[in-house]
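Quick note: to get this note's numbering, add 594 to the position in the sequence shown (first position is 1).
C-beta atoms are modelled at their ideal positions from N, C-alpha and C, and glycine is treated no differently.
What follows is one structure encoded as structure tokens, with my remarks underneath.
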Amino acid sequence: MRFMSGVVVAVGLLGCGAPEGEQVPFETVGHTDQEIVGGVEARPNSHPWIVSLQQYGSHFCGGSLVRVSDKEESDIVLTAAHCVYDGYSNVTASAGAHDLYRPTSTQVTARVTVAVHHPQYNPDTTMHDIAVLKLDKPIKFDTSVAGACGQSSGMRPNLAPRLAGSNTRVPVCLPASGERVAENTMATVAGWGLTREGGYDTSSILLQVGVPVRRHQDVANSYRSEGIVIDENAMFGAGYQQGGKDACQGDSGGPLVIRGAQGYVLQGIVSFGVGCARAGLPGIYTRVSNYIPWIHTQIRSLSAVR
Ligand code: ARG
Numbered sequence: 595m596r597f598m599s600g601v602v603v604a605v606g607l608l609g610c611g612a613p614e615g616e617q618v619p620f621e622t623v624g625h626t627d628q629e630i631v632g633g634v635e636a637r638p639n640s641h642p643w644i645v646s647l648q649q650y651g652s653h654f655c656g657g658s659l660v661r662v663s664d665k666e667e668s669d670i671v672l673t674a675a676h677c678v679y680d681g682y683s684n685v686t687a688s689a690g691a692h693d694l695y696r697p698t699s700t701q702v703t704a705r706v707t708v709a710v711h712h713p714q715y716n717p718d719t720t721m722h723d724i725a726v727l728k729l730d731k732p733i734k735f736d737t738s739v740a741g742a743c744g745q746s747s748g749m750r751p752n753l754a755p756r757l758a759g760s761n762t763r764v765p766v767c768l769p770a771s772g773e774r775v776a777e778n779t780m781a782t783v784a785g786w787g788l789t790r791e792g793g794y795d796t797s798s799i800l801l802q803v804g805v806p807v808r809r810h811q812d813v814a815n816s817y818r819s820e821g822i823v824i825d826e827n828a829m830f831g832a833g834y835q836q837g838g839k840d841a842c843q844g845d846s847g848g849p850l851v852i853r854g855a856q857g858y859v860l861q862g863i864v865s866f867g868v869g870c871a872r873a874g875l876p877g878i879y880t881r882v883s884n885y886i887p888w889i890h891t892q893i894r895s896l897s898a899v900r
């Protein structure tokens with residue numbers, strides 16, 4: 595991973611060594627089961643808001659397209675602050691992608707021209723790990739989603755028949771300001787990151803994994819023994835007590851979504867962990883609902899930038 599810094603690097607180093615969790619190979623498209631670590635291949639374009647952030651053509655982080663007013667295109671991407679904190683020169687964002695090695699006509703790439711990380715982002719604690727990116731050209735939503743957000747046709751495990759002309763580029767919904775996700779709610783995380791801790795096994799194919807949101811106190815207690823403070827307003831944990839399924843290096847900045855009334859909602863941004871998929875150490879996500887006014891302010895001021 596490029597751009598890792600502070601505790602993130604330290605945490606990453608703790609991640610060396612063989613993983614305990616079983617390796618579940620991802621499955622081919624069309625199979626009913628699923629599962630990044632312990633994940634399965636996403637149905638192509640079923641996470642139509644996800645972008646791959648790349649530098650000199652190599653993937654290093656994920657991000658999510660969000661809506662700018664009611665336009666059917668967007669030049670704004672949300673990601674993790676640690677993805678761009680050390681700079682963003684020659685960074686591009688690709689939307690509509692599935693297999694990064696085999697781009698199709700749905701894939702659109704734009705340059706990142708401005709990256710604003712949260713002013714209180716702290717690389718030592720990874721607090722406020724959120725950034726807003728502006729692209730050099732808007733990415734057109736490929737079907738008119740008519741003011742909607744979070745529309746995915748057939749995200750696993752919901753194997754609804756794929757709609758003809760299903761969307762490949764759609765903005766994700768944002769949560770209400772201050773909204774809290776209930777513990778045990780199932781969330782879906784997607785990314786092109788490592789498929790096992792300490793490995794070099796990245797995936798050129800978009801993978802996804804389902805993980806439950808964990809109770810703050812349990813997450814805070816398990817991370818306290820690692821010397822890491824989990825701030826309830828800024829972060830939340832998601833994963834199984836037994837481990838096995840998680841985001842990993844390279845998934846940072848990418849979306850954790852939960853289905854809402856309007857569509858899929860970006861409740862979390864992949865932030866950090868101790869290793870990947872370890873028992874008792876759920877993945878930690880930026881709590882997006884804590885940053886809604888800040889996000890809107892950034893979108894407004896970046897829209898004025900040309
Ligand atoms: N910081 C990592 C990155 O830069 C993301 C790690 C997420 N780790 C986890 N176990 N959930 O890609």
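8 Å or more divides the Cβ of Leu729 from the Cβ of Ile889.
Counting other Cβ atoms within 10 Å of its Cβ, Ser819 stays below 16 and is therefore classed as exposed. With the rule of 3 Cβ pairs closer than 8 Å, the stretch 875-887 does not count as touching the stretch 676-688. The beta carbon of Ser746 is closer than 8 Å to those of Ser640, His641, Pro642, Asn761, Val764, Gly857 and Tyr858 in its chain, skipping five residues each way along the sequence. By the C-beta criterion, the stretch 682-695 is judged not to be in contact with the stretch 774-781, since fewer than 3 inter-stretch pairs fall below 8 Å. Contact between the stretch 821-829 and the stretch 653-666 is not established, with fewer than three Cβ pairs separated by less than 8 Å. By the C-beta criterion, the stretch 885-899 is judged not to be in contact with the stretch 784-804, since fewer than 3 inter-stretch pairs fall below 8 Å. When DSSP assignments are scanned along the stretch 707-772, the uninterrupted stretches of beta strand (DSSP E) that are 3 or more residues long and fall wholly within it turn out to be 725-734. According to the DSSP assignment, Ala832 belongs to the beta strand (DSSP E) that extends over Met829 to Ala832. Judged by the Cβ position, His676 qualifies as a neighbour of the ligand ARG at the 7 Å threshold, a heavy atom of the ligand being closer than this.
Considered as a whole, the stretch 795-870 harbours 810-818 as its complete alpha helix (DSSP H) runs of no fewer than 4 residues, in chain order. With distances taken between CA atoms, Asp840 lies nearest to Ser865 out of Val706, Ser865, Met829 and Ala674. Taking 7 Å as the cut-off, the C-beta of Ala687 does not count as close to any heavy atom of the ligand ARG. With a cutoff of 8 Å on beta-carbon distance, Gly633 and Leu647 are scored as not near each other.
If you check the CB distance, Pro876 and Gly838 do not come in under 8 Å. Boundaries of the beta strand (DSSP E) harbouring Thr880: Gly877 to Arg881, taken from the DSSP string.
Burial of Thr782 is indicated by the presence of at least 16 other C-beta atoms within 10 angstroms of its C-beta. Distances between the C-beta of Asp840 and the heavy atoms of the ligand ARG include at least one below 7 Å. Residue environment for Asp718: exposed (fewer than 16 other C-beta atoms within 10 angstroms of its C-beta).
Using a 10 angstroms sphere on the CB of Arg750, the tally of other CB atoms reaches 16 or more, which defines it as buried. Residues of the same chain with a CB within less than 6 Å of the CB of Gly741, apart from the 5 flanking positions on each side, are Asp664 in chain order. Rounded to whole angstroms, the gap between the alpha carbons of Tyr794 and Phe654 is 13 Å. Between Ala828 and Met721, the gap from beta carbon to beta carbon is short of 8 Å. The three-state secondary structure of Gln648, taken from DSSP, is strand. Counting other Cβ atoms within 10 Å of its Cβ, Gln892 reaches 16 or more and is therefore classed as buried. For Thr700, no beta strand (DSSP E) encloses it, and the DSSP letter there is neither H nor E. Taken from the Cβ of Gly874, every heavy atom of the ligand ARG lies 7 Å or farther away. The ligand ARG has no heavy atom closer than 7 Å to the beta-carbon of Asp669.
DSSP places Ile889 within a helical segment (H, G or I) once states are collapsed to three. Excluding five sequence positions before and after Arg872, the CB atoms of its chain that fall closer than 6 Å to its own CB belong to Gly837, given in chain order.
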